[in-house]
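In the numbering used here, the protein residues as written are 40 to 473.
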Ligand code: AAL
């Protein structure tokens with residue numbers, strides 16, 4: 040009996056020892072794991088703030104965006120498109136084109152938009168044939184154009200109202216073409232900024248300055264307010280001879296006009312195209328405008344799209360540059376940083392931005408706008424159409440369908456691009472000199 044008791048005591052003691060040792064092992068493992076985390080393992084749950092551990096460049100960048108998860112990012116959106124009703128394109132024969140819409144504005148429950156309208160006897164003959172352009176034959180899609188306007192109750196069905204700015208008599212600025220308007224509302228008046236061409240575009244480049252006209256009503260009549268309002272840069276500066284896509288917003292009590300210049304290409308190197316955006320600031324819409332010393336403030340993007348966002352300015356970089364197809368933000372309206380990467384972006388996107396002219400310190404963004412599709416016709420019947428885009432780039436909505444990254448496009452969208460010669464004809468266009 041005594042023997043049995045002793046061996047039971049020994050067994051219990053052994054068990055206790057085993058339990059104690061294994062517990063302290065578990066404890067040690069937990070401590071080790073905690074230490075490991077502290078040593079630098081990225082957690083399973085995406086942190087909102089940058090963890091204090093060594094990070095790869097990619098992980099590091101996640102915390103430079105407004106939010107590390109793109110779906111939560113107020114400056115990320117998908118774009119969805121709707122065909123507009125009410126515009127006639129002559130059966131798509133290339134003789135009527137509408138493009139480069141202004142941002143729509145809402146006046147007494149009616150939306151207004153201004154745009155480039157070309158209505159010519161024949162379609163454009165193209166850049167490279169610009170020398171053959173005549174008073175009736177346009178070189179480009181925006182040659183021999185005028186600025187027209189249309190109104191709408193819902194932003195989808197539009198009624199074309201007529202011409203807002205027609206071409207003045209030669210040799211007045213814009214005699215050849217007036218194009219690519221945008222609007223400013225300032226102290227109860229309306230100001231149209233637009234490109235004024237004195238030669239067929241493509242002849243020596245896409246060379247033109249910006250003109251302004253103003254009116255008491257969005258229906259006009261428009262009074263000519265000045266030419267070359269955004270001064271060209273000096274010879275050999277990035278914006279000499281071209282100032283495109285003027286887009287005014289009101290900021291800090293002044294007019295801030297973002298504009299584009301296409302540079303680096305003309306006169307003799309047609310393939311070296313580059314695009315920059317500058318900022319010009321004035322106390323009054325008609326100027327004088329002072330250019331920002333850090334111009335170009337953006338080195339990516341084509342047509343300008345800038346809007347007041349929070350206390351700063353956001354922009355959509357469309358088509359050109361290393362940072363094409365990104366949305367960027369600058370707290371100071373000058374030093375832009377990438378906030379998101381986007382796809383199927385609206386070309387010449389012109390958002391309905393309620394607070395573009397209110398001098399807001401808390402810009403809210405937008406949910407729709409107008410844009411254009413070029414190449415609506417064939418190469419020989421080239422023309423453009425205006426369309427509507429919808430998105431969620433507004434701080435006042437959260438629409439998951441626009442925040443989803445799983446948006447799949449029909450195969451036709453991809454197949455429509457065709458292929459180039461690399462595999463069809465390896466020695467063809469694009470082959471590097473051996
Ligand atoms: C557009 C805009 C300007 C250019 C031309 C017509 O996309 O950038 O307006 O001059 O192309």
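We put the CB at the ideal spot given by N, CA and C, even for glycine.
Contact set for residue i: own chain, Cβ-Cβ below 7 Å, skip 5 residues either direction
{"i": "residue 368", "result": "114, 348, 351, 353, 375, 376, 378"}
{"i": "residue 463", "result": "none"}
C-alpha distance - residue i paired with residue j, whole-angstrom precision
{"i": "residue 168", "j": "residue 242", "result": "8 Å"}
{"i": "residue 503", "j": "residue 387", "result": "Absent from the model: residue 503. The displayed extent of the chain is 40 to 473, so no value can be given."}
{"i": "residue 316", "j": "residue 337", "result": "5 Å"}
{"i": "residue 206", "j": "residue 184", "result": "8 Å"}
{"i": "residue 75", "j": "residue 92", "result": "Here residue 75 scores only 46 on pLDDT, less than 50, and its place in the model should not be relied on; the value that follows carries that caveat. Between residue 75 and residue 92, the C-alpha separation is close to 11 Å."}
{"i": "residue 311", "j": "residue 471", "result": "16 Å"}
{"i": "residue 363", "j": "residue 341", "result": "9 Å"}
{"i": "residue 465", "j": "residue 456", "result": "19 Å"}
{"i": "residue 307", "j": "residue 237", "result": "20 Å"}
{"i": "residue 239", "j": "residue 177", "result": "7 Å"}
{"i": "residue 361", "j": "residue 339", "result": "6 Å"}
{"i": "residue 27", "j": "residue 467", "result": "Since the first residue shown for the chain is 40 and the last is 473, residue 27 is missing from the structure and cannot be characterised."}
{"i": "residue 86", "j": "residue 96", "result": "16 Å"}
{"i": "residue 419", "j": "residue 133", "result": "8 Å"}
Contacts around residue i, its chain only, beta-carbon distance under 8 Å, and the 5 residues preceding and following it disregarded
{"i": "residue 321", "result": "293, 294, 296, 327, 328, 329"}
{"i": "residue 99", "result": "89"}
{"i": "residue 200", "result": "187, 188, 189, 190, 258"}
Residue i - partner residues in DSSP beta bridges
{"i": "residue 247", "result": "281"}
{"i": "residue 412", "result": "424"}
{"i": "residue 290", "result": "293"}
{"i": "residue 218", "result": "234"}
{"i": "residue 380", "result": "365"}
Proximity test, residue i beta-carbon vs the ligand AAL heavy atom, cut-off 7 Å
{"i": "residue 418", "result": "no"}
{"i": "residue 278", "result": "no"}
{"i": "residue 431", "result": "no"}
{"i": "residue 387", "result": "yes"}
{"i": "residue 283", "result": "yes"}
{"i": "residue 331", "result": "no"}
{"i": "residue 341", "result": "yes"}
{"i": "residue 218", "result": "yes"}
{"i": "residue 245", "result": "yes"}
{"i": "residue 299", "result": "yes"}
{"i": "residue 221", "result": "no"}
{"i": "residue 181", "result": "yes"}
{"i": "residue 139", "result": "yes"}
{"i": "residue 234", "result": "yes"}
6 Å Cβ shell around residue i - same chain, five flanking residues per side excluded
{"i": "residue 218", "result": "155, 181, 184, 234"}
{"i": "residue 365", "result": "356, 377, 380"}
{"i": "residue 385", "result": "118, 410, 428"}
{"i": "residue 397", "result": "none"}
Proximity test, residue i beta-carbon vs the ligand FMN heavy atom, cut-off 7 Å
{"i": "residue 187", "result": "With respect to the ligand FMN, the structure offers nothing, as its ligand set consists of the ligand AAL."}
Cβ contact (3+ pairs, closer than 8 Å) linking the segment 160 to 167 and the segment 140 to 148
no
Inter-stretch contact (C-beta, 8 Å, three-pair minimum) for the segment 269 to 283 and the segment 241 to 255:
yes
Would the segment 431 to 449 and the segment 111 to 130 be scored as touching if the rule is three or more Cβ pairs under 8 Å?
yes
Are there three or more Cβ pairs, one per stretch, closer than 8 Å when the segment 284 to 291 is compared with the segment 221 to 236?
yes
Would you check if the segment 131 to 143 and the segment 406 to 426 touch, i.e. whether three or more CB-CB distances between them fall below 8 Å?
yes
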